[in-house]
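Here the protein sequences come in this chain order: E and D. The first sequence begins at 13 in our numbering and counts up by one. The second sequence begins at 4 in our numbering and counts up by one. Below: the structure, in structure tokens.
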Amino acid sequence: VGWPWPALPLSLYLVLGLVVPCGVLVVYSFWTADFFSARPDLTLDNYVRAVTGSIYRRVLWNSLWIGLVTAGITIPVAFAIAYGIRFRLTRTGNAVLMLIMVSMLSTYLVRIYAWKTILGPEGLINNLLMGAGLIEQPIAALLYGQIAIILALVHILLPYAVLPIFAALQNIDPRVLEAGRDLGASPMRRLLTITLPLAWPGLRSAFAITFMLAAADYVTPQLVGGSSSMMLGRIIADQFGMASNPPFGAALAILLVFSYGALALVFCLGARIVKRLWSPFMRFARRWHAHRAHRHMNSVLNFDLPILESFIVLALAFLYIPLIIVIVVSFNASSAGVFPIQGWSLRWYEALFDSPAFMKAAYASLLVGLLAVTGSLVLGVPAAFGLARANRSVGRWLLLLMMGPIAVPGIVIGIAILAMLSMLTQHGGLYVTAAVHILVTAPFVVLVLDARLRRFDRRIEEAGRDLGSSPFRVFRTITLPILAPTILASAILAAALSLDEFIVTNFVIGANTTLPVYIWGQMRTGVTPSVNAVASIIMISCLILLVTAGLLLLRQSRRQKPLLQRAAA
Amino acid sequence: VKPETRRTMGPHLTRRQTIQGMVGTGAMFSGLVALGSAAQAASSVNALVWEGYENPEAFKGLAEIAINAAYLAANEDTITKTATPGAFDLLTIYQGMIDPLRKSNRIEPIDESKLPNLADLFPLFGDMAAFKRDGQRFAVPYTWGAMMTLYDSEKTDEPKSFADLMSPKLKGKIGMPDDAYAVITTFARYAGFDDANTLTKAQLEQVMGLLKKFKPQILSIAPSYGELPAMYQRGEILVSVPDWTPTMIGASAGGRNIKSTIVAEGGFSFVDCWMRVIGAEHVDEAYRVMNHAIGSEAQQVIAVSTGLGIVNKKAVAALAPEVAAPWSYDQVDKVFSRAPLYAGAPIEAAGDVTTYQDWVAAWTDFKAS
Numbered sequence: 013v014g015w016p017w018p019a020l021p022l023s024l025y026l027v028l029g030l031v032v033p034c035g036v037l038v039v040y041s042f043w044t045a046d047f048f049s050a051r052p053d054l055t056l057d058n059y060v061r062a063v064t065g066s067i068y069r070r071v072l073w074n075s076l077w078i079g080l081v082t083a084g085i086t087i088p089v090a091f092a093i094a095y096g097i098r099f100r101l102t103r104t105g106n107a108v109l110m111l112i113m114v115s116m117l118s119t120y121l122v123r124i125y126a127w128k129t130i131l132g133p134e135g136l137i138n139n140l141l142m143g144a145g146l147i148e149q150p151i152a153a154l155l156y157g158q159i160a161i162i163l164a165l166v167h168i169l170l171p172y173a174v175l176p177i178f179a180a181l182q183n184i185d186p187r188v189l190e191a192g193r194d195l196g197a198s199p200m201r202r203l204l205t206i207t208l209p210l211a212w213p214g215l216r217s218a219f220a221i222t223f224m225l226a227a228a229d230y231v232t233p234q235l236v237g238g239s240s241s242m243m244l245g246r247i248i249a250d251q252f253g254m255a256s257n258p259p260f261g262a263a264l265a266i267l268l269v270f271s272y273g274a275l276a277l278v279f280c281l282g283a284r285i286v287k288r289l290w291s292p293f294m295r296f297a298r299r300w301h302a303h304r305a306h307r308h309m310n311s312v313l314n315f316d317l318p319i320l321e322s323f324i325v326l327a328l329a330f331l332y333i334p335l336i337i338v339i340v341v342s343f344n345a346s347s348a349g350v351f352p353i354q355g356w357s358l359r360w361y362e363a364l365f366d367s368p369a370f371m372k373a374a375y376a377s378l379l380v381g382l383l384a385v386t387g388s389l390v391l392g393v394p395a396a397f398g399l400a401r402a403n404r405s406v407g408r409w410l411l412l413l414m415m416g417p418i419a420v421p422g423i424v425i426g427i428a429i430l431a432m433l434s435m436l437t438q439h440g441g442l443y444v445t446a447a448v449h450i451l452v453t454a455p456f457v458v459l460v461l462d463a464r465l466r467r468f469d470r471r472i473e474e475a476g477r478d479l480g481s482s483p484f485r486v487f488r489t490i491t492l493p494i495l496a497p498t499i500l501a502s503a504i505l506a507a508a509l510s511l512d513e514f515i516v517t518n519f520v521i522g523a524n525t526t527l528p529v530y531i532w533g534q535m536r537t538g539v540t541p542s543v544n545a546v547a548s549i550i551m552i553s554c555l556i557l558l559v560t561a562g563l564l565l566l567r568q569s570r571r572q573k574p575l576l577q578r579a580a581a
Numbered sequence: 004v005k006p007e008t009r010r011t012m013g014p015h016l017t018r019r020q021t022i023q024g025m026v027g028t029g030a031m032f033s034g035l036v037a038l039g040s041a042a043q044a045a046s047s048v049n050a051l052v053w054e055g056y057e058n059p060e061a062f063k064g065l066a067e068i069a070i071n072a073a074y075l076a077a078n079e080d081t082i083t084k085t086a087t088p089g090a091f092d093l094l095t096i097y098q099g100m101i102d103p104l105r106k107s108n109r110i111e112p113i114d115e116s117k118l119p120n121l122a123d124l125f126p127l128f129g130d131m132a133a134f135k136r137d138g139q140r141f142a143v144p145y146t147w148g149a150m151m152t153l154y155d156s157e158k159t160d161e162p163k164s165f166a167d168l169m170s171p172k173l174k175g176k177i178g179m180p181d182d183a184y185a186v187i188t189t190f191a192r193y194a195g196f197d198d199a200n201t202l203t204k205a206q207l208e209q210v211m212g213l214l215k216k217f218k219p220q221i222l223s224i225a226p227s228y229g230e231l232p233a234m235y236q237r238g239e240i241l242v243s244v245p246d247w248t249p250t251m252i253g254a255s256a257g258g259r260n261i262k263s264t265i266v267a268e269g270g271f272s273f274v275d276c277w278m279r280v281i282g283a284e285h286v287d288e289a290y291r292v293m294n295h296a297i298g299s300e301a302q303q304v305i306a307v308s309t310g311l312g313i314v315n316k317k318a319v320a321a322l323a324p325e326v327a328a329p330w331s332y333d334q335v336d337k338v339f340s341r342a343p344l345y346a347g348a349p350i351e352a353a354g355d356v357t358t359y360q361d362w363v364a365a366w367t368d369f370k371a372s
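So, in structure tokens, the structure goes:
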């Protein structure tokens with residue numbers, strides 16, 4: 013335990029790649045717009061326009077409202093799923109968790125697009141309702157409006173919410189719940205007084221992530237929002253493109269971040285009030301949670317929610333039906349991206365591999381992915397060591413910095429880097445994109461490794477040193493081999509994230525094209541099932557990567573058991 | 004140390020696994036290099052174009068030059084995406100973008116002596132003043148057409164006037180592209196302004212007022228023209244305005260019968276052109292691509308694949324009657340009467356006249372409203 017020097021390179025990288033660009037964004041917001049550029053004549057006009065323009069206030073409120081509703085729907089659903097995986101699905105829990113992670117790694121853009129196929133006037137839902145005789149005319153309001161935006165966002169963000177809640181639930185000792193039951197607490201009381209308060213950190217993180225990502229999204233409203241559901245993210249993105257007013261876009265982004273801060277303050281105050289109201293229950297829960305000497309284990313909780321398993325099946329159907337439609341439409345013989353398809357064909361896959369533009373994009377994605385994985389491992393692995401072995405107060409600040417790229421909305425990262433490049437009269441490109449991908453993926457490498465390092469038995473290293481090995485030899489022959497599968501798994505996760513990254517990439521890619529940018533181009537210039545084919549290829553590639561990672565981790569845990577038994581003997 | 008431990012790289016990663024990993028990584032790098040070399044051609048140009056303008060069929064007579072195409076989603080992409088010198092050699096865009104592109108220092112003059120096929124163009128297009136500034140040519144015409152009203156002829160009657168477009172039956176059934184210039188020019192025509200590109204502040208407000216009145220009719224502002232055929236295919240819209248012929252062709256591929264019309268208030272025309280990007284790295288190849296693009300072979304292919312008008316008179320002579328009919332090539336001098344060809348919105352403020360920047364700001368506010 014000490015100063016975490018190994019974390020220094022990544023910390024510096026994050027300061028240079030995230031903190032400095034955000035600072036530049038602030039400066040840029042005071043500049044004056046010129047014809048498709050900006051000049052350093054300081055002005056407050058951008059903020060005056062942003063704050064006094066009733067249109068922008070209304071759109072900001074609309075964005076925050078959609079963020080709140082999305083988080084309000086997503087969090088309870090995610091909690092139910094995470095609860096089920098943790099406490100009910102003892103045998104299938106891991107598989108369900110894996111399915112949820114896989115859905116997260118399927119192409120973000122095409123998932124939004126799939127909702128058009130489902131919600132459109134001739135889409136799946138309208139066809140089903142009309143087929144069942146429940147309606148005579150298709151319900152047009154399903155698509156192009158807030159309903160479609162919220163549904164698509166819940167679909168995209170649900171996996172992001174499940175993971176932190178599940179992590180928080182993992183820290184709950186089932187004996188605490190059992191104790192509550194033994195003391196006569198009803199299932200609802202146990203939920204309200206034990207589970208929810210103990211899961212609060214995870215719920216809070218999940219809510220923050222879901223809310224911020226939803227409120228700042230600029231792609232979903234563009235594809236399914238219709239003419240009256242504008243969100244601030246789209247206006248911000250427009251300022252860096254068609255509207256050619258980057259300083260105003262920067263001011264709007266700062267305004268959005270300030271709104272987050274204001275809402276966070278409101279929530280913190282609200283949470284304090286709720287906590288005070290719940291304090292007797294909290295004390296009760298904490299007392300039992302601390303009672304670790306209790307040796308009786310019973311993982312089957314008498315918390316009877318008979319519909320929970322069915323609910324999880326429905327949630328998985330909600331996550332997977334759009335993905336299945338994406339894959340099925342990629343085999344459509346017709347050029348229309350409609351469901352049901354009009355015949356089976358491989359023509360869109362053949363067309364893809366004949367397309368120089370696709371091959372160029374695939375090459376760019378692979379190159380960026382390779383650089384991103386290499387960079388995120390070079391910086392992330394030492395940082396995880398530093399973080400795991402730092403003292404508590406330094407570790408907390410480090411963690412805060414390292415979670416920055418996850419917590420800051422992609423659109424803010426994208427335009428902040430774009431603003432910095434513009435100020436330096438530089439432009440985006442493949443290498444800039446790779447550098448940004450390192451920024452975005454390295455925190456995930458740190459998170460995965462940090463979790464493993466916290467369970468790492470350091471006595472093995474001590475034994476090596478006691479037997480006369482040098483620190484380098486201990487690292488090379490003990491630490492690194494034990495961690496190798498986890499490092500590989502985190503590399504695969506980084507590769508999958510890089511392959512699918514679009515929100516930030518779209519701002520910094522310059523004149524090049526990665527696969528998600530290629531899909532975006534296809535969507536904007538004419539959609540055929542070839543888009544579904546690209547998405548299916550990415551999805552299956554990610555699935556293969558993820559299953560490989562899962563198998564490696566499983567293999568490691570199987571191997572570790574006899575070793576530990578031998579060590580104990 | 005036990006013998007089996009010595010053979011390994013540690014307790015969990017054997018030497019064999021390490022070698023397998025190295026071989027796998029090597030294979031991945033080799034694949035990457037192979038893929039990269041497949042994606043690169045010895046002789047190539049980088050072009051920023053509307054999708055379909057680089058149709059390989061049209062350029063098969065120029066097989067020695069690979070056209071690496073990136074696609075436009077909006078007119079303004081020609082400025083924002085060409086900021087890095089050398090990223091693109093060529094771009095295609097309508098003639099009204101010449102001044103914004105020049106002001107942004109994005110395009111440079113074209114040497115006519117390197118384009119022998121210019122001699123085969125209709126004189127109207129070959130000599131058009133709209134393509135020149137200070138006596139120098141900045142654009143080579145490629146296709147032309149009118150921004151019209153398209154409609155699904157099996158589901159709705161032909162709209163003949165703006166009043167028809169405001170019909171309650173079309174409420175929430177109209178698609179519109181995210182194109183500030185095309186939409187404002189079209190609605191300036193609907194508002195009765197003949198010179199639809201020279202609008203005073205009051206006139207621009209009047210146009211935007213008309214657009215706001217029209218907003219309930221709009222289902223969605225499509226991110227680009229390419230989304231409109233898909234919206235027809237999915238049965239979401241019955242009408243699209245302003246729109247162009249490639250949408251008709253795209254929607255027909257999905258089984259819809261889409262027709263075009265110019266409403267009584269009029270429309271406007273455009274000529275899409277090739278332009279040379281400053282800092283181009285493949286200058287000779289760029290000239291050869293431009294020259295081929297206006298040659299008879301490429302022009303015939305583009306006429307069929309896009310449904311747009313073409314500029315090469317020899318190519319027109321070889322077109323099938325049904326392909327040539329919509330564009331009245333025998334009266335090509337008079338085709339712009341109902342849908343005039345404008346110079347584009349001004350980029351410099353002059354008196355009370357609104358600029359291109361004013362239009363874009365008004366359009367952005369309209370979308371947010």
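Glycine included, C-beta positions come from ideal geometry on N, C-alpha and C.
DSSP places isoleucine 350 of chain D outside both helix and strand once states are collapsed to three, so it counts as coil. Judged by beta-carbon spacing, threonine 152 of chain D lies within the 8 Å limit of valine 244 of chain D, meaning their Cβ atoms are closer than that value. The residue among D:Leu322, D:Ala254, D:Lys218 with its C-alpha nearest the C-alpha of methionine 234 of chain D is D:Ala254. Nearest neighbour of phenylalanine 330 of chain E by Cα position, chosen from E:Ile168, E:Gly35, E:Ile285, turns out to be E:Ile168.
Between valine 143 of chain D and isoleucine 305 of chain D, the C-beta gap is not smaller than 8 Å, which leaves the two residues out of contact. The stretch 223-231 of chain D makes no contact with the stretch 275-288 of chain D; the number of CB pairs closer than 8 Å stays below 3. Within the stretch 469-486 of chain E, no residue has a Cβ lying closer than 7 Å to any Cβ of chain D.
Cβ-Cβ distances below 6 Å link glycine 522 of chain E to His439, Gly440, Gly441 in the same chain, with the five nearest sequence neighbours on each side left out; the list follows chain order. A Cβ of chain D is located within less than 8 Å of the beta carbon of leucine 155 of chain E.
Collapsing the DSSP output to three states places glutamate 111 of chain D in a strand. Between the alpha carbons of phenylalanine 223 of chain E and threonine 86 of chain E lies a distance of about 9 Å. Residues of the same chain with a CB within less than 8 Å of the CB of leucine 430 of chain E, apart from the 5 flanking positions on each side, are Phe252, Pro258, Gly440, Phe519, Val520 in chain order. Distance from the CA atom of glutamine 334 of chain D to the CA atom of leucine 168 of chain D, rounded to whole angstroms, is 29 Å. Using a Cβ-Cβ cut-off of 8 Å, arginine 279 of chain D is close to nothing in chain E; its nearest Cβ partner there is about 16 Å away. The C-beta of proline 171 of chain D comes no closer than 8 Å to any C-beta of chain E.
The C-beta separation of valine 319 of chain D from alanine 327 of chain D comes to about 6 Å, placing the pair in contact by the 8 Å criterion. Residue contact check for serine 223 of chain D against chain E: a CB pair falls below 8 Å. By alpha-carbon distance to proline 219 of chain D, the top candidate from D:Asn58, D:Phe369, D:Asn108, D:Ile68 is D:Phe369. At a cut-off of 8 Å, the C-beta of alanine 152 of chain E has a neighbouring C-beta in chain D.
Chain-ordered listing is empty here: chain D has no CB closer than 8 Å to the CB of isoleucine 531 of chain E, the nearest sitting near 12 Å.
Leucine 136 of chain E and valine 340 of chain E have their C-alpha atoms some 13 Å from each other. A straight line joining the alpha-carbon of leucine 326 of chain E with that of tyrosine 332 of chain E spans about 10 Å.
Contact with chain D is found for valine 71 of chain E, since one of that chain's Cβ atoms lies less than 8 Å from the residue's Cβ. Between alanine 454 of chain E and serine 388 of chain E the beta-carbon gap is near 4 Å, inside 8 Å, which marks them as a contact. Residue burial is scored here from C-beta neighbours: leucine 527 of chain E has at least 16 other C-beta atoms within 10 angstroms and is therefore classed as buried.
The C-alpha of alanine 501 of chain E lies about 36 Å from the C-alpha of isoleucine 248 of chain E.
The way I'd put it, the stretch 407-422 of chain E doesn't touch the stretch 549-559 of chain E; fewer than three beta-carbon pairs between them come closer than 8 Å. Look at the stretch 122-168 of chain D and you find these whole runs of alpha helix (DSSP H), each 4 residues long or longer: 126-129, 165-168. For chain E, the residues of the stretch 224-242 of chain D that bring a beta carbon within less than 8 Å of one of its beta carbons are Ile224, Pro226, Ser227, Tyr228, Gly229, Glu230, Pro232, Ala233, Gln236, Arg237, Gly238, Glu239, in chain order. The Cβ-Cβ distance between aspartate 469 of chain E and alanine 400 of chain E does not fall below 8 Å. Within the stretch 54-81 of chain D, the residues whose Cβ lies closer than 7 Å to some Cβ of chain E are Glu54, Ala69, Asn71, Ala72, Ala73, Tyr74, Ala76, Ala77, Glu79, listed in chain order.
Looking at the backbone, the Cα of threonine 159 of chain D and that of serine 340 of chain D are separated by about 27 Å. For the options E:Leu412, E:Leu364, E:Leu175, E:Val420, the alpha carbon positioned closest to that of aspartate 229 of chain E is the one of E:Val420. Distance from the CA atom of glycine 35 of chain E to the CA atom of threonine 437 of chain E, rounded to whole angstroms, is 17 Å.
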